[in-house]
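**Q** Have a look at this one.
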Amino acid sequence: MNYGLYIKKKLKEESDCKYKDFSAKLTPTNQIIIGARIPYVKSLAKETAKREDWLDCLKSIETTSLEETIIYGCIAGYAKTDDQTRFDILREFIPKIDNWASCDTVVSTLKFMKRNQTESWNFLRPYFESPKEFEVRFAFVSALCHFINKDYLKKIFDEINTFSNDGYYAKMAVAWTIATAMAKYKEETLDFLRQAALTPELRKMTCRKITDSFRIDNETKDIIKNLK
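Position in the sequence shown (first residue = 1) + 258 = the numbering used here.
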């Protein structure tokens, strides 16, 4: 059987109508939603990545559904391969993203970016400045998941300072990135926020992300409210 058809079959077997309807409300997308739960979708990606012929299998996977697209992207994180091959897969995957779920689910599997920071950051840089909402989101979610450390904090802030995308999900990713930085590097992030030229909308979104975070103390939240 064609491996792509095998994946479709396995996903349809795990389809849950109620979960499908729930996902459709939560995840605006032009793709088909089959209704398989994310842990199962990721398990299929892991299963595929363990095969000796995983690259051929990857090429046969259609990306017409949300779930298939997630599998395609997750294989970049799960396969035992060199990082250049991972980047090649991601270059194919990123233009397919049209929703937050496929973006964020795949980014969470890209652990290799923490190991190979220099090349991974260079790979991400063009996406920070993309005119496409979800390409920008991919870059910032990757930054908040894998690059919030002393070596890259200023670089992340520099990208935020030049951010201009008007897409809601791109802006929310920036707000989330700042909130994540605040939890780990409070003083540096406060200094950044005091001088950053954020739009009123983005500053409001950032404030909301910070005040909603359980990782940030109430004293810091009060400071942020006064910075609005």
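Beta carbons are placed, not taken as given, at the ideal position from N, Cα and C, and that holds for glycine. These figures come from a predicted structure and were not determined experimentally.
Where do the ends of the alpha helix (DSSP H) carrying Arg473 lie?
**A** The residue labelled residue 473 in the question sits at position 215 within the sequence shown. Premise fails: Arg473 is in no alpha helix (DSSP H) and is neither H nor E.
**Q** Please return the same chain residues whose Cβ sits closer than 7 Å to the Cβ of Asp239, not counting the five positions on each side in sequence.
**A** Lying outside 259 to 486, the shown extent of the chain, residue 239 is not represented and no answer is given.
**Q** Rounded to whole angstroms, how far is the Cβ of Gly335 from the Cβ of Lys369, which I believe are closer than 8 Å?
**A** Along the sequence shown, read from residue 1 onward, the residue named residue 335 stands at position 77. Along the sequence shown, read from residue 1 onward, the residue named residue 369 stands at position 111. Their Cβ separation, rounded to whole angstroms, is 6 Å, which keeps Gly335 and Lys369 in contact under 8 Å.
**Q** Let me make sure I understand the geometry here. Which of Ser388, Thr327, Thr321 and Thr447 has the alpha-carbon closest to that of Val365?
**A** The residue given as residue 365 occupies position 107 in the sequence shown. Selected option, being the one with the closest Cα: Thr327.
**Q** For the alpha helix (DSSP H) that contains Gly262, what are its first and last residues?
**A** Position 4 of the sequence shown holds residue 262. Start and end: Tyr261 to Glu271.
**Q** How do the segment 305 to 312 and the segment 275 to 287 stand: do at least 3 beta-carbon pairs fall below 8 Å, yes or no?
**A** no
**Q** When burial is assigned at 16 or more other CB atoms within 10 Å of the CB, is Glu325 buried or exposed?
**A** To locate residue 325, count along the sequence shown from 1; it is residue 67. With 16 or more Cβ atoms within 10 Å of its Cβ, Glu325 is classed as buried.
**Q** Could you tell me which whole alpha helix (DSSP H) segments of length 4 or greater appear in the segment 373 to 433?
**A** Taking only runs of at least 4 residues, the alpha helix (DSSP H) segments lying wholly in the segment 373 to 433 are 375 to 386, 391 to 404 and 411 to 419.
**Q** Three-state secondary structure (DSSP) at Ser323?
**A** As a position in the sequence shown, residue 323 is number 65, starting the count at 1. Here Ser323 sits in strand by DSSP.
**Q** In terms of residue numbering, what span does the alpha helix (DSSP H) encompassing Ala294 cover?
**A** One-based indexing of the sequence shown puts residue 294 at position 36. From DSSP, Ala294 is part of no alpha helix (DSSP H); its letter is neither H nor E.
**Q** Note down, in chain order, each residue of its chain lying with its Cβ closer than 6 Å to the Cβ of Ser323, except the 5 sequence neighbours on either side.
**A** Here residue 323 corresponds to residue number 65 of the sequence shown, with the count starting at 1. Excluding residues within five positions, the ones whose Cβ falls inside 6 Å are Gln289, Ile290 and Ile292.
**Q** Skipping 5 residues on each side, what residues in its chain have a beta carbon closer than 6 Å to that of Ala397?
**A** Taking the first residue of the sequence shown as position 1, residue 397 is located at position 139. Leu382, Tyr385 and Phe386.
**Q** Keeping to the same chain, check which residues put their C-beta closer than 6 Å to that of Arg395; ignore five residues upstream and five downstream.
**A** Mapped onto the sequence shown, residue 395 falls at position 137. The residues are Cys361, Tyr427, Ala428 and Ala431.
**Q** Where Ile481 and Val299 are concerned, what is the direct C-alpha to C-alpha distance, given to the nearest angstrom?
**A** The residue labelled residue 481 in the question sits at position 223 within the sequence shown. The residue labelled residue 299 in the question sits at position 41 within the sequence shown. Cα to Cα, the separation comes out at about 41 Å.
**Q** Could you check if Cys315 is buried or exposed, using at least 16 other CB atoms within 10 Å of its CB as the buried criterion?
**A** Indexing the sequence shown from 1 puts residue 315 at position 57. Flag for Cys315 reads buried.
**Q** Taking the continuous alpha helix (DSSP H) assigned at Glu446, which residues delimit it?
**A** Walking along the sequence shown from the start, residue 446 turns up at place 188. Run containing Glu446: Lys444 to Gln453, per the alpha helix (DSSP H) assignment.
**Q** Hey, out of Ala437, Leu348 and Asp341, whose CA is closest to Gly331's CA?
**A** Looking up residue 331 in the sequence shown gives position 73. Its Cα nearest to that of Gly331, the residue Leu348 stands out among Ala437, Leu348 and Asp341.
**Q** How far does the alpha helix (DSSP H) with Asp346 in it reach, from first residue to last?
**A** Counting from one through the sequence shown, the residue named residue 346 turns up at place 88. First-last of the alpha helix (DSSP H) with Asp346: Asp341 to Phe351.
**Q** Identify, in the order they occur along the chain, each residue of the same chain with its Cβ nearer than 6 Å to the Cβ of Leu313, setting aside the five sequence neighbours on each side.
**A** Within the sequence shown, the letter at position 55 stands for residue 313. Excluding positions up to five away in sequence, the list is empty.
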